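J.:
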Amino acid sequence: MRRDDAVVPLAEIERHILTLRGQKVMLDGDLAELYGVPTKRLNEQVRRNLGRFPPDFMFQLSAEEASALRSQIATSKPGRGGRRYLPYAFTEHGAIMLANVLNTPRAAEVSIYVVRAFVRLRQLAGMNAAMAEKLAELERRVMGHDEAIRSLVQTIRQLMAPPEKPRRSIGFKVEEGRPLYRRGRRQRSSAVKA
Numbered sequence: 082m083r084r085d086d087a088v089v090p091l092a093e094i095e096r097h098i099l100t101l102r103g104q105k106v107m108l109d110g111d112l113a114e115l116y117g118v119p120t121k122r123l124n125e126q127v128r129r130n131l132g133r134f135p136p137d138f139m140f141q142l143s144a145e146e147a148s149a150l151r152s153q154i155a156t157s158k159p160g161r162g163g164r165r166y167l168p169y170a171f172t173e174h175g176a177i178m179l180a181n182v183l184n185t186p187r188a189a190e191v192s193i194y195v196v197r198a199f200v201r202l203r204q205l206a207g208m209n210a211a212m213a214e215k216l217a218e219l220e221r222r223v224m225g226h227d228e229a230i231r232s233l234v235q236t237i238r239q240l241m242a243p244p245e246k247p248r249r250s251i252g253f254k255v256e257e258g259r260p261l262y263r264r265g266r267r268q269r270s271s272a273v274k275a
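According to our numbering, the sequence shown is numbered sequentially starting from 82.
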């Protein structure tokens, strides 16, 4: 079967993958819909085979997590026809184990696409981490260059600025030298005496 002929498109599966408690997971209701079984039957099979679902494969949401998800995905309130228990979250390995426990042809077929969706998200996360690392390295390089460029621009501006001319003072400036008449008298009086 080609990727284009997928039973469930990868984009549809990826839309149901959430991040809870630092793990990529899918909720029991979403998996039941994909595997083509009622959520009630899916949870029955999980309870009958609890030994196959260690904590790193599956966990039950807390009341706070469930209420936060309820407000995000607009499910009905408890006691009004909605869920009366906290949903289960399955990791990638838990989703595969769930398909094995359900043992239906649809679950086996769709589980392949579920695994591909988890793998694709993991690859995208790796690419994002590598890109973030390269951006951080580029930022570190540029930070050193910024200071050098800034000082170079300041030096060029100083060289381009015309030299400052001394400012002329406003008003009259009286420059008095020695009066000429005194000078002349001394010279005369010294000549007369001689």
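Glycine included, C-beta positions come from ideal geometry on N, C-alpha and C.
As the structure is a computational prediction, the values presented were derived from the model and not from experiment.
Which residues share a DSSP beta bridge with Ala170?
T.: Sequence index remark: in the sequence shown, residue 170 carries index 89 (1-based). Ala170 is bridged to Leu108 and Phe140.
J.: Which word fits Leu108, buried or exposed, when buried means at least 16 other C-beta atoms lie within 10 angstroms of its C-beta?
T.: As a position in the sequence shown, residue 108 is number 27, starting the count at 1. Leu108 is buried by the Cβ-count criterion.
J.: Near Val196, which residues of its chain fall below 8 angstroms by C-beta distance, leaving aside the five closest residues on each side in sequence?
T.: Translated into positions along the sequence shown, residue 196 becomes position 115. Result list for Val196: Glu173, Ala176 and Ile177, in chain order.
J.: Between Arg83 and Leu167, what straight-line distance do the alpha-carbon atoms span, to the nearest angstrom?
T.: On the sequence shown, residue 83 is found 2 positions in, with the first residue counted as 1. On the sequence shown, residue 167 is found 86 positions in, with the first residue counted as 1. Confidence is the limiting factor: at Arg83 the pLDDT is only 45, short of 50, which leaves the residue's position unreliable and the question unanswerable from this model.
J.: Consult DSSP for Thr185 and reduce its assignment to one of helix, strand or coil.
T.: Along the sequence shown, one-based indexing puts residue 185 at 104. Three-state DSSP puts Thr185 in coil, outside helix and strand.
J.: Name the DSSP bridge partner or partners of Thr100?
T.: Position 19 of the sequence shown, counting from 1, holds the residue named residue 100. According to DSSP, which records beta bridges pairwise, Thr100 is partnered with Lys105.
J.: Smallest Cα separation from Leu142: which of Gln104, Arg249 and Arg129?
T.: Start at 1 with the first residue of the sequence shown, and residue 142 comes out as number 61. When each option's Cα is compared against that of Leu142, the closest is Gln104.
J.: Return the Cβ separation of Ile94 and Tyr194 in integer angstroms, given the expectation that the two are a contact with Cβ distance under 8 angstroms.
T.: Start at 1 with the first residue of the sequence shown, and residue 94 comes out as number 13. Start at 1 with the first residue of the sequence shown, and residue 194 comes out as number 113. Between the beta-carbon of Ile94 and that of Tyr194 there is about 6 angstroms, and that keeps the pair under the 8 angstroms contact cut.
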